[in-house]
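Before any comments, here is the structure.
In structure tokens form, the structure reads like this:
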């Protein structure tokens, strides 16, 4: 609806497609690194990431990259400090 015509929609898709494909290649490379490390450690057979592996290994990548211990961030996220910060920001 926003694009008004199918041609406009295709034009937009073709503009973002190269960046999207590049990002997927980066993600699959991260997944492949985990699969290779697991195979090297004897935790599985050597494999090449296929589309059906994507969700399984994407979760492993997410956990490896972003899984934080709550105790590490707790000092920064105290409720009274967050409320003070929000009010300060609203005042700015």
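Numbering (our numbering), first residue to last: 3 to 94. Quick reminder that beta carbons are idealized off the backbone N, C-alpha and C, glycines included.
Residue i - DSSP class collapsed to helix/strand/coil
{"i": "residue 84", "result": "helix"}
{"i": "residue 12", "result": "helix"}
{"i": "residue 93", "result": "helix"}
{"i": "residue 76", "result": "helix"}
Pairwise C-alpha distance: residue j and residue i
{"i": "residue 6", "j": "residue 17", "result": "17 Å"}
{"i": "residue 62", "j": "residue 86", "result": "36 Å"}
{"i": "residue 90", "j": "residue 10", "result": "43 Å"}
{"i": "residue 80", "j": "residue 22", "result": "37 Å"}
{"i": "residue 3", "j": "residue 19", "result": "20 Å"}
Contact belief for residue i with residue j at Cβ below 8 Å, rounded distance in angstroms
{"i": "residue 29", "j": "residue 66", "result": "With a Cβ gap of about 13 Å, residue 29 and residue 66 do not count as contacting."}
{"i": "residue 51", "j": "residue 39", "result": "So it is not a contact: roughly 13 Å between Cβ atoms."}
Proximity test, residue i beta-carbon vs the ligand COA heavy atom, cut-off 7 Å
{"i": "residue 65", "result": "Among the ligands in the structure shown, none appear at all, so the ligand COA cannot be discussed."}
Problem - Cβ contact (3+ pairs, closer than 8 Å) linking the region 40 to 50 and the region 71 to 87 - result: no
Problem - Inside the region 9 to 68 only - alpha helix (DSSP H) runs reaching at least 4 residues - result: 56 to 68
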